[in-house]
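Trainee:
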Amino acid sequence: MARLRYHVGRCRSLTSVVATAVVLSGFLLLVVAAARHLRWRSTFTRQLRAQHLWPEGWAGVVAWTTIGAEVAVGVGGVLALSGDSSAASLVPLLVASVLLGAGFLGIQIYLLIRLPDAPCGCDPASDAAVGAGSLLKAGWPVVAGAVGLVALPTEGLDGLSLSAGVVAVIAALGIASLVDALPALIR
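Under my numbering, think of the first position of the sequence shown as 1, with each following residue one higher.
What follows is the structure in structure tokens.
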């Protein structure tokens, strides 16, 4: 019986590490997107104009709104997850991640179907059209938020041992880097 409890405890710990890494990667991806969109805001605004989704003159407003939402959810999530926050206090940020990602994914799907030559807008350094990589990247905040809503440890990052927390953070950085690179990798 003790052996069974040991294995159940290890599985629960591994699940907590994976869930924390996935959630943190979603927040990190939003921070990177915000930094990239802010750095190349004029290019990002031009890409939004080329999508022909927004009323005339609104591309700049959409660009700033997108950047603000990415900063609020991404930075807020990283800070809340790394602070002394419980999983319950992260629920609004996790729901915001799901909604923001769903919006990004919806735009990407619309562009793929209706305007397949329009730039995806996910990387101002590239005017590439929507593809499988940009769809996966746009949908990652949905995945990360959903995982957080169902599997994040009750105590958040504080519920993990130091070594498990370090593994979760390193894994999150790797996952976020990979997902961020998907549009270029899958072209």
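The C-beta atom is built at its ideal place from N, Cα and C for all residues, glycine as well.
1. What do you reckon, are the CB atoms on Leu-30 and Glu-70 nearer than 8 Å?
2. Work out the CA separation of Phe-27 and Ala-2 for me, nearest whole Å.
3. For Ala-138, which residues in the same chain have their Cβ closer than 6 Å to its Cβ, ignoring the five residues on either side in sequence?
4. With a cut-off of 8 Å, do at least 3 Cβ pairs link the region 152 to 168 to the region 118 to 132?
5. According to the Cβ coordinates, are Trp-140 and Val-78 closer than 8 Å?
6. I'd like the span of the alpha helix (DSSP H) that includes Thr-66, first residue to last.
7. From Asp-117 to Ile-186, what distance separates their C-alpha atoms?
8. Below 8 Å on the Cβ atoms is my contact criterion, and I expect Ala-80 with Leu-93 to pass it. Report the Cβ-Cβ distance as a whole number of Å.
9. Expressed to the nearest angstrom, what Euclidean distance is found between the alpha-carbon atoms of Pro-183 and Ser-177?
10. Roughly how many angstroms separate the alpha carbons of Leu-136 and Ser-85, rounded to a whole number?
11. Based on the DSSP secondary-structure assignment, which residues constitute the bridge partners of Ala-129?
12. DSSP three-state label for Pro-183, please.
13. In chain order, what residues of the same chain lie with their CB nearer than 8 Å to the CB of Ala-72, ignoring the 5 residues before and after it?
14. Among Gly-74, Ala-63 and Leu-111, which has the Cα closest to the Cα of Thr-43?
15. When the Cα atoms are used, what is the spatial distance from Ala-172 to Ser-25?
16. Look up Thr-154 in the DSSP assignment and say whether it is helix, strand or coil.
17. Apply the 10 Å Cβ neighbour rule to Val-191 and answer buried if 16 or more other Cβ atoms are within range, or exposed otherwise.
Mentor: Quick look at the numbers:
1. The sequence position of residue 30 within the sequence shown is 30, counting from 1. The sequence position of residue 70 within the sequence shown is 70, counting from 1. Yes, Cβ-Cβ distance for Leu-30 and Glu-70 is below 8 Å.
2. On the sequence shown, residue 2 is found 2 positions in, with the first residue counted as 1. On the sequence shown, residue 27 is found 27 positions in, with the first residue counted as 1. Its pLDDT being 49, under 50, Ala-2 is placed unreliably in this model, and the value from its coordinates should be taken loosely. The alpha-carbon atoms of Ala-2 and Phe-27 are separated by roughly 38 Å.
3. Mapped onto the sequence shown, residue 138 falls at position 138. Non-local C-beta neighbours of Ala-138 in its own chain, meaning closer than 6 Å and more than five positions away in sequence, comprise Phe-104, Leu-105 and Gln-108, ordered along the chain.
4. No, because fewer than three Cβ pairs between the region 152 to 168 and the region 118 to 132 fall closer than 8 Å, the two stretches do not touch.
5. For the purposes of this step, residue 140 is taken as residue 140 along the sequence shown, with counting starting at 1. For the purposes of this step, residue 78 is taken as residue 78 along the sequence shown, with counting starting at 1. Their beta carbons are not under 8 Å apart, which means Trp-140 does not touch Val-78 by this criterion.
6. In the sequence shown, the residue the question calls residue 66 occupies position 66. Where Thr-66 is concerned, the enclosing alpha helix (DSSP H) stretches over 59 to 82.
7. Within the sequence shown, residue 117 is the residue found at index 117, counting from 1. Within the sequence shown, residue 186 is the residue found at index 186, counting from 1. Spanning the two alpha carbons is a distance of roughly 16 Å.
8. Counting from one through the sequence shown, the residue named residue 80 turns up at place 80. Counting from one through the sequence shown, the residue named residue 93 turns up at place 93. Their Cβ separation, rounded to whole angstroms, is 6 Å, which keeps Ala-80 and Leu-93 in contact under 8 Å.
9. On the sequence shown, residue 183 is found 183 positions in, with the first residue counted as 1. On the sequence shown, residue 177 is found 177 positions in, with the first residue counted as 1. If you take the alpha carbons of Pro-183 and Ser-177, they lie about 12 Å apart.
10. Numbered from 1 along the sequence shown, position 136 holds the residue referred to as residue 136. Numbered from 1 along the sequence shown, position 85 holds the residue referred to as residue 85. In a straight line, the C-alpha of Leu-136 is about 29 Å away from that of Ser-85.
11. Taking the sequence shown and counting its residues from 1, one reaches residue 129 at position 129. According to DSSP, Ala-129 bridges with Pro-119.
12. Numbered from its first residue, the sequence shown carries residue 183 at position 183. Helix at Pro-183.
13. The residue given as residue 72 occupies position 72 in the sequence shown. Closer than 8 Å at the Cβ level, and outside the excluded window around Ala-72, lie Ala-96.
14. Working through the sequence shown from its first residue, we reach residue 43 at position 43. Comparing Cα positions, the closest option is Ala-63.
15. Translated into positions along the sequence shown, residue 172 becomes position 172. Translated into positions along the sequence shown, residue 25 becomes position 25. Rounded to the nearest angstrom, the two C-alpha atoms are 4 Å apart.
16. Counting from 1 along the sequence shown, the entry for residue 154 is found at position 154. Coil.
17. The requested residue 191 is not part of the displayed model; the chain covers only 1 to 187.
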